[in-house]
Each structure stands twice: as C-alpha cells, then as structure tokens.
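Peer 1: Below you'll find the structure I mean.
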Amino acid sequence: MIDAKDLCLQYADGTLALQNINIHIEPGEVVFIIGPSGSGKTSLLKLLLGMEYPTSGHLAVLGQPIKREKNSEIRRMRMTIGPIFQDFRLLQGRTVLENVLLGMRFLEFSKNEMRINARDAIERVGLSHKINTSVDNLSWGERQRVAIARAVARKPKLIIADEPTGNLDKDNALNILELLTSFKDDHTTVIITTHATHLIENMDRDMLIQIDKGNIEWGRLNHEEYF
Amino acid sequence: MKNIFKNIEYFLKETGTILRLNFLSNIFSILSMALIFCMLSMVISGVWISNQMVELIEGEAEINVFYDESFEDSKVSGILNEIKAINGVRQALIIDKDKAYDRMMGIMGKDAGILEFFEENPFSAFIEVKIELEEMDLIVERMEKIKDIDYIRDNQSVLNRLRSISNIIRVLGIIIITGVGISTLVITSHIIRQGIYSNKEQINTLKLLGAPKYFIVLPFFLEGIFLTLIAGIFAATMGNLALWYIYVQTTGPLPFIPLPPLENLIYGNTILTLCTSIVLGICGSLFGFASTNKN
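Here the protein sequences line up with chains F and G, keeping their order. Just so we're aligned, residue 1 is where the first sequence starts under my numbering, counting upward by one. Just so we're aligned, residue 228 is where the second sequence starts under my numbering, counting upward by one.
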C-alpha cells in the first residue's frame, strides 16, 4: 500500500523537512501520525499525495512510485485517494451534495452510482438533513463532515486526513476521529495526522507514527506502549 | 469523452457560476467586445457592399456611342454592325430619343416630373454598347476608327475611381479586422486568465482530487465562448439595425446606387459575426490557458 525507504525531503530554501523515513503500511490499516506543529507531518502527507517529490530515497503509494517524471500516473493515483484537508477545501456557494458529487465526477462512476454514493456518504457523516444546504451556511464541524463525505464517496483505497480536528472543539473532534477510523471496516487504509495526542489515546488504530524534526519513530501498535 | 457527456450539466452550471461570480466585469467585457464586433461587422459589410457595387457596375459596363441624328436608319445600322464586329463587344443596341427619355423617367422615379418642364425631348439617340470591361481600351481604339461616330462616352474614369475606393475599403477592412481580432483575443484571454486566477483554490483542490486537465479547464473554456457569443449576438443585432437604417436612408434619395439585397446582407452579416465571435472565443480561451500554464 505505502512503502517508503530512506525517504528525504528538502525544500528549495534548504529546509530539511524529512530525513531517512522508512515506513510500510498495509491495506486496511489505521495510522495516526502525531507530532508538534512544524515537525514534518504535513510534508509527509504532501509526499503521499504527490504534491511534493522526494529529494532522495524511494516512496511508492498504492504501488505508484512518487517521482517528478510520473506526473500523469500520480494524477491517476490521486483518483483512488480520498484526501481530507485541514482547511476543508470545499467549493464555496455550492451545496453539500454538489461538493460531494464534485469529487466523483471525473471517476468511472455512472450518474446513478454517483448519486447513491453521495447520499450514502452524506448519511454516514450525519448530514442528510442538510444535503441541499450551501456549505457557506454550515458550522466548522459540519464542513469537516462534508469534506469527509466527499473523500469517502469516491470509494477510495486510501484516506489521508491532514489535521482533521484542527478547527474543532473536543466533542466534535472525537466524533470526527471516530468517524474516520470507522472506515477501516470498509478495508480502507486511513492515515490521520494530528498534533492533539490527547484525542487519540483511546482510538482504535494499527500504527502510531511519532514524527519530530523530520525524523520518525513508528510501529507502536497499542495504547500502553505509547501513552 | 464519456465523462464530458456525463458531466455536461455540471460544466454548464459551473460556467454559469463562474460568470455569476464576476458578473459586473463580464458585463463590461461583453459590451466592449460587442462594440468591437459591431465595428467589425460594419467594416465587413462595407467591403462586401463596395465589392458588389463594383462587380455590378463592371457587369453593366457600357460605352455610349453618339452619331449625327440626321443619319438615315440604314447608315446607323451600318455603324451598329461595325461595332458588333469588334472583339469584346457583348451587345449593341440603338437607343432612340424616345427610349432615352423613357429610361431617364424610370431612373428618376417620382422626381421624373421635372422632365415635363422641357418643351422638347432633351435626350439624344445613341448606341448602347455592352462590353467586356478589360477590353475597353482596345474597343474604344477600334471605335474611334469608325467614321460617322461623333462622340464616344466611356465611364472608365468612374469605374477606376470606384475600383480604387473599393480597394481602399478592402485594405482598411483588413487592418480593422486584424485589429479587432487581436483586441478580442486579448480581452478573451485576459478574462480566462482572470477566471483561472480567481478560482485558483478550486482548481488546486480539483488537481489534488485527481481531476484531469480537461475537467478543470472546460468551464473556463465555455465561459470564453459564451462571453464572445453573447457579444456576437449583440453585435449582429446592432449591425443589422444599422444596415437596415442605412438602406432606408440610401434607397430613397439615392435610388441609382446598386446596393445588394438587404436580406442577403443581414443573413451574411449575422452568420459571419456569430462564427467570428465563436472562433475568436475559442482562440482567446486557448491563449488564456496557454499563458496561465506558462505561469
């Protein structure tokens, strides 16, 4: 699913964001990436999404090597990922349904499948009653749910969520994390970054990656080993 | 292609949203392009009318040959036969005084009453010679050798002047058409660039979701075509109204100007303006994308 060997990322301004990262994630695993702000979590997600390219080392996501010259293959790989962004990246002025449908329009779904997937996903995040509401009129928590619905409706093999609880209060954050980890039941790999370690103490997970100053420790599988 | 048809409703709706988001700016763009297209349609109509006029006049090119009116009919017939034998003469007809008078009555229409003030028929009999225009110099030269001809009236200077006016209009037309084409391309590509920049966030999101390029740019492409097409419709309407007005003003007081039929002109003008607007819309959109890609 995800394979990284001696992965390094250095930005054009010389900042070394990640160094000698080695990770192996199997299909259907739930992985939390934790660490303070600026530790390199988002850089790692950018690499996984093909928004950045490794400076050295090897990275393959869903079997696709992440290399600058593989641009069109990376675009196709993104079609099988459900990304959830910290700032939601929803289309303003459009309804919940329109936003969820947008993520599927260029995939190989028929119109009918798109409609069914969208309604299922919206129902799963608990927003059926607001399906035709403009996203501009939703709370932060609801917007995050729309972003999750958009990602999930695509039936992705991999969900990548960058700080999905960043803008939410504790109750809403826990709800969102529980919702995200529940997709493990669909055999979807879920990778979630967060700096709020207290929120994930009791979360069901297969792997916890701690990242700091571009270095990682990983493989802590249960609650006792880490906390 | 399957995805384009599947999403046609989305693309049109998205185009509408993009147009609505920059509503005022789009209205001004449509107005400025409509004025430019209107200028273009008027220039093209002008070129077309002048070409038609020259062609019509050339087709009617004739020389009038005057002779001594005291000649007997047999002598006039002899002159006529000599003229007919000249290379390049298509037709030669004797127009007697009465026919000449009737013709002028026809040309003057409702103003023909002025002819009644003459006590006698003021017109002379002559031979009307239809010719191939390019042979005019040779024909005149041969006619001058026929004795008993008093005077030959050719309209060469008028035709030459008309042709030079037509050429000037044509050159001006090409310059204006080029200018209009470039202006429209610049305006349309600028609108497209503006649309892309103001929707940068949305475009980035679509890229991260794996959307193919055509899916991202198609609504902007349609926006460009839609704006120029609307401008084209405005321009065609304004241009046709102007043509109609010019015809009404011209055909009354200047009945002898051989204008082409108004219906043909309006039909041609509408088709040409709309097609030009669509083509320029497509080109402008493509330029807009190309320049955005570079940046």
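For each residue, glycine too, the CB sits at the ideal point set by N, CA and C.
Tell me, please, which residues DSSP counts as bridged to Tyr-237/G.
Peer 2: Beta-bridge pairing links Tyr-237/G to no other residue.
Peer 1: Just grab the DSSP bridge partners of Ile-216/F for me.
Peer 2: Its beta-bridge partners are Ile-211/F.
Peer 1: List, in order along the chain, the chain G residues whose C-beta lies closer than 8 angstroms to that of Gly-28/F?
Peer 2: Chain G residues near Gly-28/F: none, gap ~21 angstroms exceeds 8 angstroms.
Peer 1: What do you get for Asn-253/G, buried or exposed, if any count of 16 or more other CB atoms within 10 angstroms of its CB means buried?
Peer 2: Classification for Asn-253/G: buried.
Peer 1: Of all the residues that make up the segment 37-50 of chain F, which are near chain G by a beta-carbon distance shorter than 8 angstroms?
Peer 2: Of all residues in the segment 37-50 of chain F, Leu-49 have a Cβ within less than 8 angstroms of some Cβ in chain G.
Peer 1: Considering only residues of the segment 66-106 of chain F, which uninterrupted beta strand (DSSP E) runs meet the minimum length of 3 residues and lie entirely inside it, listed in chain order?
Peer 2: Listed in chain order, they are 81-84.
Peer 1: Is it true that the segment 271-278 of chain G meets the segment 392-399 of chain G, where meeting means three or more beta-carbon pairs spaced less than 8 angstroms apart?
Peer 2: With a cut-off of 8 angstroms, the segment 392-399 of chain G and the segment 271-278 of chain G count as touching, because enough Cβ pairs lie within range.
Peer 1: Any beta-carbon of chain G closer than 9 angstroms to the one on Gly-188/F?
Peer 2: According to the sequence as given, residue 188/F is Thr; it is not Gly. No, Thr-188/F does not count as interfacial toward chain G.
Peer 1: Taking contact to mean at least 3 C-beta pairs separated by less than 8 angstroms, is the segment 451-463 of chain G in contact with the segment 498-514 of chain G?
Peer 2: The answer is yes - the segment 498-514 of chain G touches the segment 451-463 of chain G, with three or more Cβ pairs under 8 angstroms.
Peer 1: For Ile-257/G, which residues from the same chain have a beta carbon less than 8 angstroms from its beta carbon, with the 5 sequence-adjacent residues on both sides left out?
Peer 2: Within the same chain, Ile-257/G has close Cβ partners Leu-454, Ile-457, Ala-458, Phe-461.
Peer 1: Arg-105/F touches chain G at which residues, Cβ-Cβ below 9 angstroms?
Peer 2: Correct list: Asn-230, Lys-233, Asn-234, Tyr-237, Ala-438, Phe-442.
Peer 1: Does the beta-carbon distance from Ile-84/F to Gly-437/G come in below 9 angstroms?
Peer 2: Not a contact, by the Cβ cut-off of 9 angstroms.
Peer 1: Kindly say whether Leu-62/F, judged by its beta-carbon, lies nearer than 9 angstroms to any beta-carbon of chain B.
Peer 2: Going by chain labels, chain B is absent from the structure shown, which instead holds the protein chains F and G.
Peer 1: If we cut at 9 angstroms on Cβ distances, does Gln-429/G have a partner in chain F?
Peer 2: Taking Cβ atoms only, chain F reaches closer than 9 angstroms to Gln-429/G, which makes this a yes.
Peer 1: When we look at the beta-carbon of Phe-232/G and count the other beta-carbons within 10 Å, is it buried (16 or more) or exposed?
Peer 2: It is exposed - the Cβ of Phe-232/G has fewer than 16 other Cβ atoms within 10 Å.
Peer 1: What does the alpha-carbon distance come out to for the pair Ile-200/F and Ile-159/F?
Peer 2: Answer to the nearest angstrom: the Cα atoms are 17 angstroms apart.
Peer 1: Inspect the CB distances between the segment 344-360 of chain G and the segment 310-327 of chain G and report whether three or more fall short of 8 angstroms.
Peer 2: Yes, they touch.
Peer 1: Which term fits Ala-12/F, buried or exposed, when burial requires 16 or more other beta carbons within 10 angstroms of its beta carbon?
Peer 2: That one is exposed.
Peer 1: What are the complete beta strand (DSSP E) segments, minimum 3 residues, inside the segment 131-218 of chain F?
Peer 2: Segments of the beta strand (DSSP E) lying fully in the segment 131-218 of chain F: 158-162, 189-194, 207-212.
Peer 1: Near Thr-95/F, which residues of its chain fall below 8 angstroms by C-beta distance, leaving aside the five closest residues on each side in sequence?
Peer 2: Hits under 8 angstroms: Ile-131, Asn-132, Thr-133, Ser-134, Val-135.
Peer 1: Helix, strand or coil for Ile-373/G, going by three-state DSSP, please let me know.
Peer 2: It is coil, neither helix nor strand.
Peer 1: How would you list, in chain order, the residues of chain F whose beta-carbon sits under 7 angstroms from the beta-carbon of Thr-244/G?
Peer 2: Near Thr-244/G (Cβ distances below 7 angstroms), the residues of chain F are Gly-93.
Peer 1: Measuring alpha carbon to alpha carbon, tell me which of Leu-16/F, Asp-186/F, Arg-115/F, Ala-173/F ends up nearest Ser-43/F.
Peer 2: Checking every option, the nearest Cα to that of Ser-43/F belongs to Leu-16/F.
Peer 1: Using 9 angstroms as the limit for Cβ to Cβ distance, is Leu-127/F near chain G?
Peer 2: No, no contact with chain G.
Peer 1: Where does Gly-126/F land, buried or exposed, given buried means 16+ other C-beta within 10 angstroms?
Peer 2: Gly-126/F comes out exposed.
Peer 1: From the DSSP output, in three-state form, read off Leu-507/G for me.
Peer 2: Leu-507/G: helix per DSSP, three-state reduction.
Peer 1: Measuring alpha carbon to alpha carbon, tell me which residue in Tyr-472/G, Asp-375/G, Leu-412/G is nearest Phe-528/G.
Peer 2: This structure does not reach residue 528/G, given that chain G is present from 228 up to 522, and the question cannot be answered.
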